[in-house]
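Step one of this worksheet: look at the structure below.
In my numbering, the protein residues as written are 252 to 622.
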């Protein structure tokens, strides 16, 4: 919001004032919501970066993000053009954060398009949501925009997927039916989007991306990820090491990431659970940025409260409460409230007292994944 507070997108309404960012002048601006549109989609992209909060959108050509490509090109690019190793702009911090993972999920999802006055953008989880230029209402029976995919098969396996923007991705397989190459004819002969290698148990061993980045994966004896490492030549771009509690839940993630300026950013994540394995606390440290999350549940396992605080929220605590229909346990609503942290008495990233059913994970013991 224009006052730096945060509310769920579904609670926005026409006339609300949002904090925007003019990418031409590099200055913040205030825009006004002019229209809200509810969109039913058949997919969702979860885009993860070096920052703790991910970005979620649909995989549509018309959906754009403010991106710095691996070659240094900056502009509004379609999400279909986003690749691991590209950077998204964090306007509040005036910095770029690297895309570390893009996860495509099929299904039925409800999303919200927010139309605003100039400069026609707003911030979602700190990321710039793309300009949506005002247009006249679409007449009944006419679809303003659409997205389609076409599939080509070789026997029972997909050999090519052609996207709405005519981006064609061709897939080739090894003798065990595993994808080994993803190529595109538009890239030229011998050029690829990604190449894959596997361990003897079919777990992914490495991915070599077309932009030169190489991701390597190692696992522990229980087939859990122990290390993920992304390199560009001899330079380590991202390295993550995983530790687990004896019951199998993630205890911590530690490592480092390389920033666009070439410096190294230390990364650290730690997690706590209650006696039945539900996440109760997490702390994420990215360089000097500390983000704390805590959760409370009811007897049925529904999440009642989520708390967020730390330097990532501008030394504010954001608490979200959830309501459910007692008749069928369906989610009814959620409400978020921001309040200043008392930095004199509350350390950055600190948590409220845990309830009697909560306890820290170390009582289960920690198993360290080794490479």
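Heads up, the beta-carbon is just placed ideally off N, CA and C, and yes, glycines get one too.
Could you name the residues of the same chain whose beta carbon sits closer than 6 Å to that of residue i, not counting the 5 residues immediately before and after it, in chain order?
i: residue 325; result: 319
i: residue 405; result: none
i: residue 609; result: Because the pLDDT of residue 609 is 32, which lies under 50, any placement of that residue in the model is unreliable, and the number read from its coordinates should be weighed accordingly. If we look at residue 609 and ignore the five residues flanking it on each side, its Cβ neighbours are 525, 531.
i: residue 558; result: 545, 570
i: residue 547; result: 555, 556
With a threshold of 16 other CB atoms inside 10 Å of the CB of residue i, please say whether the residue is buried or exposed.
i: residue 637; result: What is shown of the chain runs 252 to 622, which leaves residue 637 out entirely.
i: residue 495; result: buried
i: residue 568; result: buried
i: residue 288; result: exposed
i: residue 339; result: buried
i: residue 588; result: exposed
i: residue 261; result: exposed
i: residue 481; result: buried
i: residue 473; result: exposed
i: residue 408; result: exposed
i: residue 306; result: buried
Since residue i and residue j should fall inside the 8 Å C-beta cutoff, what is the C-beta to C-beta distance between them, to a whole number of angstroms?
i: residue 442; j: residue 461; result: 6 Å
i: residue 533; j: residue 521; result: 7 Å
i: residue 284; j: residue 267; result: 5 Å
i: residue 581; j: residue 573; result: That belief does not hold up - the Cβ atoms of residue 581 and residue 573 are roughly 11 Å apart, past 8 Å.
i: residue 365; j: residue 263; result: 6 Å
i: residue 293; j: residue 373; result: Residue 293 to residue 373, Cβ: 25 Å. No contact.
i: residue 348; j: residue 301; result: 5 Å
i: residue 315; j: residue 329; result: 6 Å
i: residue 515; j: residue 507; result: 5 Å
i: residue 377; j: residue 304; result: 6 Å
Residue range of the beta strand (DSSP E) that residue i falls in?
i: residue 294; result: 278-300
i: residue 520; result: 515-524
i: residue 375; result: 373-375
i: residue 380; result: 378-380
i: residue 350; result: 346-367
i: residue 261; result: Premise fails: residue 261 is in no beta strand (DSSP E) and is neither H nor E.
i: residue 269; result: 268-273
i: residue 412; result: 408-413
i: residue 466; result: 464-470
With a threshold of 7 Å on Cβ separation, who are the neighbours of residue i within its own chain once the five nearest residues in sequence on each side are excluded?
i: residue 450; result: 456
i: residue 430; result: 422, 424, 447
i: residue 595; result: Note that residue 595 scores a pLDDT of 35, beneath 50, so its modelled location is shaky; the value from the coordinates is reported in the next line. Answer for residue 595: no residue qualifies.
Exercise. Taking three-plus beta-carbon pairs below 8 Å as touching, is the region 489-504 in contact with the region 290-297?
Worked result: no
For this session: Spell out a yes or no on whether the region 271-290 and the region 347-355 are touching, meaning 3 or more CB-CB pairs, one atom from each, closer than 8 Å.
Result: no
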